[in-house]
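As structure tokens, the structure follows; a few thoughts come after it.
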Amino acid sequence: AQSVTQLDSQVPVFEEAPVELRCNYSSSVSVYLFWYVQYPNQGLQLLLKYLSGSTLVKGINGFEAEFNKSQTSFHLRKPSVHISDTAEYFCAVLEVTGGFKTIFGAGTRLFVKA
Amino acid sequence: ETGVTQTPRHLVMGMTNKKSLKCEQHLGHNAMYWYKQSAKKPLELMFVYNFKEQTENNSVPSRFSPECPNSSHLFLHLHTLQPEDSALYLCASSRLITDTQYFGPGTRLTVL
Chain A
1 AQSVTQLDSQ
11 VPVFEEAPVE
21 LRCNYSSSVS
31 VYLFWYVQYP
41 NQGLQLLLKY
51 LSGSTLVKGI
61 NGFEAEFNKS
71 QTSFHLRKPS
81 VHISDTAEYF
91 CAVLEVTGGF
101 KTIFGAGTRL
111 FVKA
Chain B
1001 ETGVTQTPRH
1011 LVMGMTNKKS
1021 LKCEQHLGHN
1031 AMYWYKQSAK
1041 KPLELMFVYN
1051 FKEQTENNSV
1061 PSRFSPECPN
1071 SSHLFLHLHT
1081 LQPEDSALYL
1091 CASSRLITDT
1101 QYFGPGTRLT
1111 VL
């Protein structure tokens, strides 16, 4: 991918509200798509991934994402967030070409308020 | 517990020091990675090792030198760093280079 854009650097939301974290990428080849979450003072861990098949992917902790090839987007959603969802979320794209290089977005900080 | 450990967790060093970061995984993975995470910037891939062979070097300055002695261990040797090298350095591994990456907790490096 030439670039991965996470459109919002910070998303504040109230507990039990729905949330969408946006991710767009630019690539001319087939891609695998990932969402990772990073809690404070920890490394990244996988939330969900899209490799092929159904464009709606369900992950851990009630998150899901939809791959939209025409819009080159992979937005992350959750219908009802919890305080514990407060973290940094990273979208990542792996180009399925000779280099198999993963490119990460800049991250979106989700802040869930009581 | 992700199975990827990094030591030390915190490191403060002067610009003339030489130090090494260590990453270890016992997940049976074949690919290992070094990333640099700076505030408000995308995660930067530094180096990739696939079956102990370096396959990626993202124009990283020579003051960073990776070493992969076996498929379970990855080192990042540091010398004559600059203050702008201060960041969180994350190690990751994956079974294959196309698979999910499992990350360690990182080493918070401060260069004075």
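Protein sequences appear in the order of chains A and B.
Be aware that the first sequence starts at 1, since it is given in this note's numbering, and climbs by one per residue.
Be aware that the second sequence starts at 1001, since it is given in this note's numbering, and climbs by one per residue.
Where a beta carbon is used, it is the ideal one built from N, C-alpha and C, also for glycine.
Nonlocal neighbours in the same chain, by C-beta distance under 7 Å from residue i, ignoring five residues either side
{"i": "A/Val96", "result": "Val29, Ser30, Val31, Tyr32"}
{"i": "A/Phe100", "result": "Leu94"}
Alpha-carbon spacing of residue i relative to residue j, whole angstroms
{"i": "B/Arg1095", "j": "A/Arg77", "result": "28 Å"}
{"i": "B/Leu1027", "j": "A/Pro12", "result": "36 Å"}
{"i": "B/Ser1038", "j": "B/Leu1081", "result": "15 Å"}
{"i": "B/Arg1063", "j": "B/Phe1047", "result": "13 Å"}
{"i": "B/Lys1019", "j": "A/Tyr39", "result": "27 Å"}
{"i": "B/Phe1075", "j": "B/Gln1025", "result": "12 Å"}
{"i": "A/Thr5", "j": "A/Phe74", "result": "10 Å"}
{"i": "A/Ala65", "j": "A/Ser84", "result": "19 Å"}
{"i": "B/Pro1042", "j": "B/Asp1099", "result": "20 Å"}
{"i": "B/Ile1097", "j": "B/Ser1059", "result": "20 Å"}
{"i": "B/Gly1106", "j": "A/Thr55", "result": "32 Å"}
Nearest-angstrom beta carbon gap, residue j and residue i [assumed within contact, 8 Å]
{"i": "A/Tyr25", "j": "A/Ser3", "result": "7 Å"}
{"i": "A/Thr108", "j": "A/Leu21", "result": "5 Å"}
{"i": "A/Ser9", "j": "A/Ala106", "result": "7 Å"}
Cβ shell of residue i (< 8 Å), same chain only, five flanking positions each side left out
{"i": "A/Phe63", "result": "Trp35, Leu47, Leu48, Leu76, Arg77, Lys78"}
{"i": "A/Pro18", "result": "Arg77, Lys78, Pro79, Ser80, Val81"}
{"i": "A/Ser27", "result": "Ala1, Gln2, Thr72, Val93, Glu95"}
Closer than 7 Å at the beta carbon, the chain B residues around residue i
{"i": "A/Leu21", "result": "In chain order: nothing, as chain B lies at least about 15 Å away."}
{"i": "A/Ala65", "result": "The contacting residues do not exist; A/Ala65 stays about 14 Å from chain B at best."}
Cut-off 6 Å between Cβ atoms - residues of its own chain near residue i, not counting five sequence neighbours on either side
{"i": "A/Phe104", "result": "Phe90, Ala92"}
{"i": "B/Thr1110", "result": "Val1012, Ser1086"}
{"i": "B/Thr1055", "result": "Val1048"}
Listed by chain order, chain A residues near residue i by CB distance under 7 Å
{"i": "B/Phe1103", "result": "Gly43, Leu44, Gln45"}
Chain-ordered chain B contacts of residue i [CB-CB under 8 Å]
{"i": "A/Tyr32", "result": "Thr1098"}
Neighbouring residues, chain B, relative to residue i (Cβ below 9 Å)
{"i": "A/Ala106", "result": "Lys1040, Lys1041, Pro1042, Leu1043"}
**Asked** Pairing CB atoms from the segment 1003-1011 of chain B with CB atoms from the segment 63-73 of chain A, are three or more of them under 8 Å?
**Response** no
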